[in-house]
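In what follows, a structure is listed as structure tokens, so that the remarks can point back to it.
Residue numbers (our numbering), protein chains in the order written: chain A, 1 to 471; chain B, 1001 to 1471.
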């Protein structure tokens, strides 16, 4: 029996048939990334139900020298949880390790296991009168372990930060099978290097996150969602600064170009333009308050009125009710889907310093469109974080292979522009498999060296998600 | 010429006599820790003036295999910046790398080099109408590099967190002489393991921090400082929870036992009791606001009145002016000095989960006093962070060697009690030299293994602050 077969037999033997999936049809949806861009191959999904079972499996994998690819909801954007195509690794699904171990409004902490789905955590927090503020499109499938391992961002980062700001502690199984227990609940602890912080964003290459202590914030008492029309990304940033100087309530601020709005209106049923006129750019603003007596809607209305008077925006509408608020967000959330329907689109999740972003969006789009005639480049998303999704659509006559041919050259150009602007080629999606070559090409050699050294030090056998993140 | 002499000659040659201190009298104050507990020995202090000079020195040190001990203001509590006693290492002082590179109210960021003194940064922030909120007793000497490398805490952690929460990016020279540049100002960046986070709290064992981007907060418009008398640490925590549920303004909350107050009144000239009666315990409360129209003093007065009615506190007084506020804080800040004058005192900087702290203080003091007749044990400090300084004073008849003899046994007992309570033997002071053995004794083997692996991976030659932190 080969090593993989021995490992599969040993896990089945110890934890029963529920802990091992070997049927090819059951494996298939988890062996490719959800966008269908990267197709991996694996003989089995190991599915432990507890941290202790993860320990056993990691020890067995080390013993048999079988690499593991940890996986949560398989909603990653960089194929970090997709197994290699040569079948050399097994998937390690955390979806059955899915208890909310504790949640308390008094301590403002929830301890959730890796497999807890984000939406489930949202509900659990709501049930105790609190809120876990991080959210993103995949909230119905993505898991706490995956969010932690990718240091996920989303739409509320402006106010509450990425996962790194919201994680109070991490429990993980290290490659040698030892448990790192960072769930003590200590607010201050200076006993050496922070393994918690090292594991956040490590994409499962240094160990398997099994549970996370998460910070909660008071529940939202009311929110105001507004759609504004303006002439440029520079005006959008001006609007954000204008609002931030006058209120602490803004927690969502998303930039949407007219081109993206048009695509959504064309392809997504039931959508309609929030404003009557046409504007080159739009900003979606969400403000929330936890205090019942705070009239956040009135506040936003007054502030947008003032912004209109100051010539920062050209028009604005505040959602009259929750349904309209959801409709505004739907436009933003469906941009990627509309692009997918429209045709081939290259996505770049990038960041530059916030103040440099407006000019970057305009200049980079012009440069890309000049260098690759026929393509349409535009940036949308989290302007206030200096993080936009810079997407480039193929010309309508592009060949089916455009994505891999011209696409690769376009991505190199975008990444060069980002690097020249002091930015990051991965703002929130991570490196995974998809960005590894570009990361290797553009990162300082000292950084690559340090990452390799850390990876090798903690995972000398190379059994933890090999081929991901570290070039 | 031996290796150290060659290194000293090379540094003098390249950067001039200002960059090298070899006079024994000039070296002496920096070769021992400030409490005079650990006496090291070194032939020279290397004192570069820029990051580039640090790079050169680290490369030369690697070439000559001469270990370096990075040092800032030499105010550490665990002798982490004190050279070994065998003279095998040279001190690397960062005090000349001391520019505030940039500071901006608009971006709320200051970039300060490692040698900038905390009080200097406070002034620089004040000058642009902002505030760097972390502060502690040694603010006139401690440096930004040291604060970062020890993940320092202080008295305002309750609201603003430790250095880890306030650091937006780190620039450091790694042991191979490469520069880690984390000062990009990007709000989102997911390009692999966070070296920033790894360097925070690494006590100079993984590289030399040369500059730090720090978060600023709006300047204080007004503050209220109150002194309360109460019957127990449990009541003090009750008071904190009572206040926190009603206002977001509390940023300092320090527990003081009557015994500590008595010591300060006895030994520190010009101090006087804030309240007329006698109380077993006291809590110092500071609330601040950045909004000029917010009457924080009136708010605290109302809330303490309510706490009095609810039987949470027995008495309270609000400082009538800044001088009185400073006088209240002076009592808290001088406890350690008063203990030093009184006699031999063992200090333990510990944390347990916040809710467990009141009982821990009482029970642990009783256990220690029972086991070591004649000693006086008490806890004071940052109750709201679950972090107190648990100090044990020798009996009046104790021999001069008490500290090293019985003291060691007492420390082991305290550390065992802390560990059993799920706490940390180093809440904010770090491990350095002084806590290394206890850390080795009490930490899980997997953690020690991981720390050693990381240390060896990034510093294979062992030239970065050897013998510190990593057991």
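C-beta atoms are modelled at their ideal positions from N, C-alpha and C, and glycine is treated no differently. Keep in mind that this is a model prediction, so the values were computed, not measured.
Using the three-state DSSP reduction, which class does residue i fall into: helix, strand or coil?
{"i": "residue 143 of chain A", "result": "strand"}
{"i": "residue 1418 of chain B", "result": "helix"}
{"i": "residue 112 of chain A", "result": "strand"}
{"i": "residue 1303 of chain B", "result": "helix"}
{"i": "residue 449 of chain A", "result": "helix"}
{"i": "residue 30 of chain A", "result": "helix"}
{"i": "residue 291 of chain A", "result": "coil"}
{"i": "residue 17 of chain A", "result": "helix"}
{"i": "residue 342 of chain A", "result": "helix"}
{"i": "residue 1262 of chain B", "result": "helix"}
{"i": "residue 470 of chain A", "result": "coil"}
{"i": "residue 8 of chain A", "result": "helix"}
{"i": "residue 93 of chain A", "result": "strand"}
{"i": "residue 66 of chain A", "result": "coil"}
{"i": "residue 1041 of chain B", "result": "coil"}
{"i": "residue 454 of chain A", "result": "helix"}
According to DSSP, what are the bridge partners of residue i?
{"i": "residue 1387 of chain B", "result": "B:1351, B:1382"}
{"i": "residue 228 of chain A", "result": "A:283, A:316"}
{"i": "residue 1213 of chain B", "result": "B:1111, B:1169"}
{"i": "residue 1131 of chain B", "result": "B:1217"}
{"i": "residue 973 of chain B", "result": "For residue 973 of chain B there is no data in the structure shown, the boundaries of chain B being 1001 and 1471."}
{"i": "residue 1464 of chain B", "result": "B:1068"}
{"i": "residue 392 of chain A", "result": "A:346, A:377"}
Around the C-beta of residue i, are 16 or more other C-beta atoms found within 10 angstroms, so that it is buried, or is it exposed?
{"i": "residue 1163 of chain B", "result": "buried"}
{"i": "residue 1001 of chain B", "result": "exposed"}
{"i": "residue 1272 of chain B", "result": "exposed"}
{"i": "residue 1406 of chain B", "result": "buried"}
{"i": "residue 1156 of chain B", "result": "buried"}
{"i": "residue 126 of chain A", "result": "exposed"}
{"i": "residue 1393 of chain B", "result": "buried"}
{"i": "residue 28 of chain A", "result": "exposed"}
{"i": "residue 1159 of chain B", "result": "buried"}
{"i": "residue 1235 of chain B", "result": "buried"}
{"i": "residue 153 of chain A", "result": "buried"}
{"i": "residue 1123 of chain B", "result": "exposed"}
{"i": "residue 1113 of chain B", "result": "buried"}
{"i": "residue 1293 of chain B", "result": "exposed"}
{"i": "residue 95 of chain A", "result": "buried"}
{"i": "residue 1330 of chain B", "result": "exposed"}
{"i": "residue 201 of chain A", "result": "buried"}
{"i": "residue 1104 of chain B", "result": "exposed"}
Are the CB atoms of residue j and residue i within a distance shorter than 8 Å?
{"i": "residue 1131 of chain B", "j": "residue 1216 of chain B", "result": "yes"}
{"i": "residue 356 of chain A", "j": "residue 1188 of chain B", "result": "no"}
{"i": "residue 1249 of chain B", "j": "residue 1301 of chain B", "result": "no"}
{"i": "residue 1365 of chain B", "j": "residue 1351 of chain B", "result": "no"}
{"i": "residue 1196 of chain B", "j": "residue 1170 of chain B", "result": "yes"}
{"i": "residue 1429 of chain B", "j": "residue 1349 of chain B", "result": "yes"}
{"i": "residue 1109 of chain B", "j": "residue 1214 of chain B", "result": "yes"}
{"i": "residue 320 of chain A", "j": "residue 313 of chain A", "result": "no"}
{"i": "residue 1409 of chain B", "j": "residue 1316 of chain B", "result": "no"}
{"i": "residue 1149 of chain B", "j": "residue 1117 of chain B", "result": "no"}
{"i": "residue 192 of chain A", "j": "residue 1431 of chain B", "result": "yes"}
{"i": "residue 959 of chain B", "j": "residue 1212 of chain B", "result": "Only positions 1001 to 1471 of chain B appear in this structure, which leaves residue 959 of chain B out of reach."}
{"i": "residue 84 of chain A", "j": "residue 31 of chain A", "result": "no"}
{"i": "residue 1190 of chain B", "j": "residue 151 of chain A", "result": "yes"}
{"i": "residue 290 of chain A", "j": "residue 221 of chain A", "result": "yes"}
{"i": "residue 1019 of chain B", "j": "residue 1052 of chain B", "result": "no"}
Under a CB-based cut-off of 8 Å, is residue i close to chain C?
{"i": "residue 1437 of chain B", "result": "Checking the listed chains, one finds no chain C in this structure; the protein chains it contains are A and B."}
When every heavy atom of the ligand FMN is checked, does at least one fall within less than 7 Å of the C-beta of residue i?
{"i": "residue 1017 of chain B", "result": "For the ligand FMN, the structure offers nothing, since it holds no ligand at all."}
Self-check item: Inter-stretch contact (C-beta, 8 Å, three-pair minimum) for the segment 1086-1098 of chain B and the segment 1033-1053 of chain B
Solution: The segment 1086-1098 of chain B is in contact with the segment 1033-1053 of chain B.
Quiz item: Would you say the segment 232-250 of chain A touches the segment 277-297 of chain A, given that touching needs at least three Cβ pairs under 8 Å?
Solution: yes
Quiz item: Counting pairs of Cβ atoms below 8 Å between the segment 1174-1183 of chain B and the segment 1050-1064 of chain B, do you hit three or more?
Solution: yes
Quiz item: Would you say the segment 1137-1157 of chain B touches the segment 1410-1424 of chain B, given that touching needs at least three Cβ pairs under 8 Å?
Solution: Because the criterion of three Cβ pairs below 8 Å is not met, the segment 1137-1157 of chain B and the segment 1410-1424 of chain B do not touch.
Quiz item: So does the segment 446-461 of chain A actually touch the segment 1448-1457 of chain B, counting three or more Cβ pairs closer than 8 Å?
Solution: yes
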